[in-house]
Amino acid sequence: MHEFHTQRRVEFADTDMARIVHFARFFSFMEAAEHEFLRSLLGEGQQVHFEHEGHEIGWPRVATSCEYRSPAKLGDILDIRVVVRRKGTKSLTWGFDISTEGRAVATGQITCICCRIGGPKLEAVPIPAFLADQLEEAPSRSN
């Protein structure tokens, strides 16, 4: 699987004094969509942080970006498209296209590393096969 779609309504808490979505909220929208994508692969009731081979696995970010195309306002329904831009042995780069009613609102990217997170320090580890086998990079036209 290389693509996932979800929607989110813009709530009052997402907006700023200009009554448009505050720029920082887009990072929360992207992260929530990423988590929905992962949960869809991990199975119902599973969380993004999970135990694997006796260790807790998490996904710290190493890079994020967002470019804003047009404003989103209170009550808008945001369509969020998530694609796997790059799948490495220990990392994933997600691409995001956010729109409302067919109008581009924002594009973004998150790169995260698969890590053991329960010990005294983070340790990058290969993405578990049961998850890696379900993910594939999007064709270049989908990036």
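In the numbering used here, the protein residues as written are 3 to 145.
Glycine included, each C-beta is placed from N, C-alpha and C at the ideal position.
According to DSSP, is residue i part of a helix, a strand, or is it coil?
| i | result |
| --- | --- |
| Leu133 | helix |
| Phe25 | coil |
| Glu38 | helix |
| Ala106 | strand |
| Leu94 | strand |
| Ser72 | coil |
| Ala15 | helix |
| Leu43 | helix |
Distance check for residue j and residue i, CA to CA, integer angstroms please.
| i | j | result |
| --- | --- | --- |
| Asp18 | Asp81 | 20 Å |
| Val107 | Arg83 | 12 Å |
| Pro122 | Glu5 | 35 Å |
| Leu94 | Gly77 | 31 Å |
| Pro128 | Thr8 | 27 Å |
Among the options, which has the Cα closest to the Cα of residue i?
| i | options | result |
| --- | --- | --- |
| Met3 | Trp96, Cys117 and Pro128 | Trp96 |
| Ser72 | Gln49, Glu53, Asp99 and Asp135 | Asp99 |
| Pro130 | Arg105, Lys89 and Ser101 | Lys89 |
| Asp135 | Ala34, Thr91 and Gly120 | Thr91 |
| Phe25 | Arg105, Phe39, Gly110 and Cys114 | Gly110 |
Please look up how many angstroms separate the CB atoms of residue i and residue j, rounded, as I've assumed it's under 8 Å.
| i | j | result |
| --- | --- | --- |
| Gly120 | Glu58 | 4 Å |
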